[in-house]
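Chains as they are written, first to last, in the numbering used here: chain A, 227 to 601; chain B, 45 to 118.
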C-alpha cells in the first residue's frame with residue numbers, strides 16, 4: 227500500500243481522463259503545435275488551442291493572454307522579470323515560495339529593484355495593513371501567493387488587489403497551491419498576472435505551467451526564439467501568446483492540463499475542496515492536542531486543505547522517512563520556502579500533509595495512528 | 045466560388061476567429077502561408093457570408109489582413 231499525501235508537490239494519482247488525454251495526444255497529436263500546416267501539426271495546434279480556451283474560461287481571461295509554460299516557476303520568472311521596471315520597488319509576502327523570492331533576490335542583488343517583504347499574519351486585516359505599509363510611491367509590482375504551500379493559509383488577495391488597483395500597481399499572483407482547489411478569477415480577484423503549475427491542483431502531468439494575464443501590463447519575454455509566427459522578422463513577435471511561447475510546446479502535457487481542468491469542471495472545485503477539507507479536518511481532529519506534536523496552521527485565517535506538522539522530538543525528514551516505511555508519502559523539510567519557514571520559525575523544517583480528492587478517510591486515520599505510534 | 049481569405053499573425057488569433065465565426069454559424073478552415081514580407085502566418089478561408097464574417101471579427105477586436113494563400117484545409 228502506498229498513499230500519496232504529497233499532492234501539494236504533484237497530485238497523484240491523476241484522474242482517468244488525464245491518462246486518456248495523454249495517451250490520445252501521444253497517439254494522435256505528434257506534430258509541433260503552431261508550426262506546420264500539415265495534418266499532424268494541425269492536430270497538435272488544435273489540441274493546444276482547445277486547452278488554451280479551457281484555461282482562459284477557467285480563470286476568466288482571454289484566450290490569447292493564456293500562456294503555456296513548463297512550470298509555475300517558469301511562469302513566475304517570466305512574469306516577474308518581464309514586468310519589473312529598473313529602479314522600481316517591489317513588495318512580496320512573507321510566505322512566498324522560492325520561485326518568487328529567488329528571482330526577486332536576484333533582481334535586488336543586481337541593483338535592478340528594491341524589495342520589501344510584507345509580513346503575513348493570522349488576521350487578514352493585519353496582513354492587508356502590512357501590505358499597505360510596505361507599499362511606497364515607487365512600488366510598481368506586488369507579488370503574492372494566493373495560498374501558502376507550507377501552512378495552506380489563504381491570503382486576502384482581493385483586498386490586496388484593491389490596493390494595487392487604486393495605486394496602479396501590477397499584481398502578480400502565485401496560484402500554484404490554490405488553482406483547482408479554490409475558484410481563482412482574474413476578473414473577480416483583480417489579479418493582473420496569474421501564474422500556476424499544471425501538475426498540482428489542475429491534475430495535469432509534471433512539466434506544465436500557466437501564465438495568464440489580464441493584458442494590462444506588457445510582459446517582456448524571458449526567452450526569444452521560434453514561435454511559428456512572423457518568422458521572417460528577426461525580432462521577437464510582440465503578439466500574445468506567441469511572444470512568451472518560444473520553442474516547441476509540450477502538447478501532451480498541455481492536453482493533460484486541459485483534461486485535468488475538464489475533470490475539475492465536471493466535479494466542481496467546490497466539491498473537491500469540501501472533500502479535501504473533510505480529510506484535513508479528520509487529520510486535525512485526531513492529531514490536535516497530541517502530546518509532543520505541533521501543527522503549523524493559522525487558527526484565524528482561511529486555509530486550503532493542507533498543513534504542516536512536527537513531532538517535537540523527531541527531525542522532520544526522519545519522521546517522513548518513518549511514514550514512508552509505513553506506506554505514506556509526505557514531504558518533509560523546507561518545501562522550497564525558505565521565507566515561509568523563517569517566518570514560521572521552524573528550525574528543522576516540517577512534514578506536510580496535503581491530501582487530494584483521491585485520498586480516503588481511512589488512510590488519513592491510518593496515517594494518524596502511525597504518527598501517534600512514534601510520539 | 046471565389047475564395048475569401050483572411051490572414052492572421054498567430055495561430056491563436058486564427059483559431060479564435062475560426063471559433064467565433066463557427067459560433068455565429070459561419071464555416072471556415074485554417075491554413076498556413078509563407079508571407080514574403082512577414083514569414084509564417086495563418087489564414088482563414090471563408091466560403092460564405094464574407095461581409096458578416098468581417099463584421100463579427102471587427103466587433104470582437106480580432107485583427108487580420110486580407111490576402112491570398114495556399115494553405116492546407118482542415
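Here a beta-carbon is modelled for each residue, glycine too, at the ideal position from N, C-alpha and C.
For residue i, which of the options has the nearest alpha-carbon?
| i | options | result |
| --- | --- | --- |
| residue 256 (chain A) | A:474, A:541, A:465 and A:490 | A:474 |
| residue 443 (chain A) | A:234, A:311 and A:237 | A:311 |
| residue 230 (chain A) | A:587, A:599 and A:598 | A:587 |
| residue 349 (chain A) | A:536, A:524 and A:565 | A:524 |
| residue 260 (chain A) | A:370, A:471, A:406 and A:228 | A:471 |
| residue 288 (chain A) | A:296, A:275 and A:295 | A:275 |
| residue 338 (chain A) | A:384, A:355, A:352 and A:309 | A:309 |
| residue 393 (chain A) | A:361, A:382 and A:539 | A:361 |
| residue 381 (chain A) | A:435, A:415, A:582 and A:282 | A:415 |
| residue 528 (chain A) | A:503, A:513 and A:552 | A:503 |
| residue 449 (chain A) | A:436, A:469, A:459 and A:458 | A:469 |
| residue 317 (chain A) | A:307, A:369 and A:323 | A:369 |
| residue 65 (chain B) | B:100, B:53 and B:55 | B:100 |
| residue 436 (chain A) | A:401, A:452, A:456 and A:455 | A:401 |
| residue 79 (chain B) | A:540, A:454 and A:491 | A:454 |
| residue 598 (chain A) | A:464, A:578 and A:514 | A:514 |
| residue 439 (chain A) | A:233, A:303, A:466 and A:601 | A:466 |
| residue 424 (chain A) | A:390, A:490 and A:579 | A:490 |
| residue 323 (chain A) | A:343, A:580 and A:565 | A:565 |
| residue 269 (chain A) | B:59, B:48 and B:52 | B:59 |
| residue 477 (chain A) | A:264, A:273 and A:228 | A:273 |
| residue 48 (chain B) | B:74, B:106 and B:82 | B:74 |
| residue 379 (chain A) | A:521, A:538 and A:553 | A:521 |
| residue 282 (chain A) | A:266, A:488, A:342 and A:296 | A:488 |
| residue 238 (chain A) | A:300, A:426 and A:266 | A:426 |
| residue 500 (chain A) | A:418, A:431, A:406 and A:345 | A:406 |
Along the chain, where does the alpha helix (DSSP H) containing residue i start, and where does it finish?
| i | result |
| --- | --- |
| residue 298 (chain A) | 298–309 |
| residue 551 (chain A) | 542–551 |
| residue 79 (chain B) | From DSSP, residue 79 (chain B) is part of no alpha helix (DSSP H) but of the beta strand (DSSP E) over 72–79. |
| residue 474 (chain A) | Run containing residue 474 (chain A): none; DSSP gives neither H nor E here. |
| residue 458 (chain A) | Neither: residue 458 (chain A) is in no alpha helix (DSSP H) and is coded neither H nor E. |
| residue 564 (chain A) | 564–570 |
For residue i, which three-state DSSP category applies?
| i | result |
| --- | --- |
| residue 490 (chain A) | helix |
| residue 237 (chain A) | coil |
| residue 347 (chain A) | coil |
| residue 231 (chain A) | coil |
| residue 599 (chain A) | helix |
| residue 359 (chain A) | helix |
| residue 443 (chain A) | coil |
| residue 509 (chain A) | helix |
| residue 312 (chain A) | coil |
| residue 252 (chain A) | helix |
| residue 330 (chain A) | helix |
| residue 321 (chain A) | coil |
| residue 375 (chain A) | coil |
| residue 340 (chain A) | strand |
| residue 283 (chain A) | helix |
| residue 96 (chain B) | helix |
| residue 380 (chain A) | strand |
| residue 59 (chain B) | helix |
| residue 259 (chain A) | coil |
| residue 242 (chain A) | helix |
| residue 465 (chain A) | coil |
| residue 504 (chain A) | helix |
| residue 588 (chain A) | helix |
| residue 514 (chain A) | coil |
Who pairs with residue i in a beta bridge, going by DSSP?
| i | result |
| --- | --- |
| residue 425 (chain A) | Paired residue(s): none; residue 425 (chain A) is not in a bridge. |
| residue 109 (chain B) | B:51 |
| residue 534 (chain A) | A:522 and A:578 |
| residue 559 (chain A) | A:576 |
| residue 438 (chain A) | A:292 and A:420 |
| residue 449 (chain A) | DSSP lists no partner for residue 449 (chain A). |
| residue 529 (chain A) | A:379 |
| residue 405 (chain A) | A:408 |
| residue 554 (chain A) | A:229 |
What first and last residue would you give for the beta strand (DSSP E) that runs through residue i?
| i | result |
| --- | --- |
| residue 400 (chain A) | 396–400 |
| residue 371 (chain A) | 365–371 |
| residue 522 (chain A) | 519–522 |
| residue 294 (chain A) | 292–295 |
| residue 87 (chain B) | 83–90 |
So is the beta-carbon of residue i under 7 Å away from any non-hydrogen atom of the ligand COA?
| i | result |
| --- | --- |
| residue 285 (chain A) | Of the ligands one can find in the structure shown there are none, so the ligand COA has no counterpart to examine. |
> Along the stretch 443–465 of chain A, what residues have a CB closer than 9 Å to any CB found in chain B?
Replying inline: 453, 454, 455, 456, 457, 458, 459, 463 and 465
>> Give me the subset of the stretch 272–291 of chain A whose CB atoms are less than 8 Å from a CB atom of chain B, sorted by chain position.
In response: 272, 275, 278, 279, 289 and 290
>> Give me the subset of the stretch 69–82 of chain B whose CB atoms are less than 9 Å from a CB atom of chain A, sorted by chain position.
In response: 74, 75, 76, 77, 78, 79, 80, 81 and 82
>> Counting only Cβ-Cβ distances shorter than 7 Å, please list the residues of the stretch 49–61 of chain B near chain A, keeping chain order.
In response: 53, 54, 55, 56, 57, 59 and 60
> Between the stretch 466–491 of chain A and chain B, which residues of the former have CB atoms less than 7 Å from a CB of the latter, in chain order?
Replying inline: 467 and 468
> What are the residues of the stretch 235–267 of chain A that lie near chain B, defined by any Cβ-Cβ distance shorter than 9 Å?
Replying inline: 259, 260, 261, 262, 263, 264, 265 and 267
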